[in-house]
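Trainee: In my numbering, the protein residues as written are 1432 to 1604. Heads up, the beta-carbon is just placed ideally off N, CA and C, and yes, glycines get one too.
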Ligand code: S3P
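#1: Per the contact definition of three or more C-beta pairs closer than 8 Å, is the stretch 1437 to 1456 in contact with the stretch 1503 to 1511?
#2: Hey, would you say the C-beta of residue 1449 is under 8 Å away from at least one heavy atom of ligand 2?
#3: Taking the beta carbon of residue 1591 as the centre, do at least 16 other beta carbons fall within 10 Å, making it buried, or is it exposed?
#4: From the DSSP output, in three-state form, read off residue 1594 for me.
#5: Give me the DSSP bridge partner(s) of residue 1538.
#6: When the Cα of residue 1533 is compared with those of 1478, 1525, 1540, which residue comes out closest?
#7: Say the cut is 8 Å; is the CB of residue 1646 nearer than that to a heavy atom of ligand 1?
#8: Grab me the residues of residue 1529's own chain with a C-beta within less than 6 Å of its C-beta, minus the 5 sequence neighbours each way, in chain order.
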């Protein structure tokens, strides 16, 4: 792995595979895995993202998301699994990139994400499929803009996606 890789953040829409691929990548790189949603839940004192949204509202969740992204910014040798909305605030991206962080966009089609998500109730922003589709379309340019590498994940298993990420980062495509 190039010496310059000290921190990798996975971004992409809900269902793009971030939380399945992040542990594989962390183990391959011998980095620690950190998960922004998990840390938000732990800091909120509640049990799930859905509960945070329903008790405190989305802004509270987004503020915690920014706070957590910022607290991970100083860390090194980590793989960061993000939530799909991390690209909503440019400051979050600044934090992910701080200290030379590398951002990998796990690209999927909307059909793939809907087929991967089995329990829509766990994702407050995926309860209405047409709204989710609009959000998906709105976010694509942002994921692309912030990504250092784009890796397609449709019809690939997590191990293959992990191999593709590593190949791209070492410059063999
Ligand atoms: C969100 C994605 C979720 C979670 C929250 C908001 C979003 O994470 O952070 O429900 O805005 O896309 P996943 O991408 O891991 O589902």
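Mentor: In short, the structure shows the following:
#1: With a cut-off of 8 Å, the stretch 1437 to 1456 and the stretch 1503 to 1511 count as touching, because enough Cβ pairs lie within range.
#2: Ligands displayed in this structure: ligand 1; ligand 2 is not among them.
#3: exposed
#4: Helix.
#5: According to DSSP, which records beta bridges pairwise, residue 1538 is partnered with 1583.
#6: 1525
#7: Given a span of 1432 to 1604 for the chain in the structure shown, any question on residue 1646 remains unanswerable.
#8: 1504
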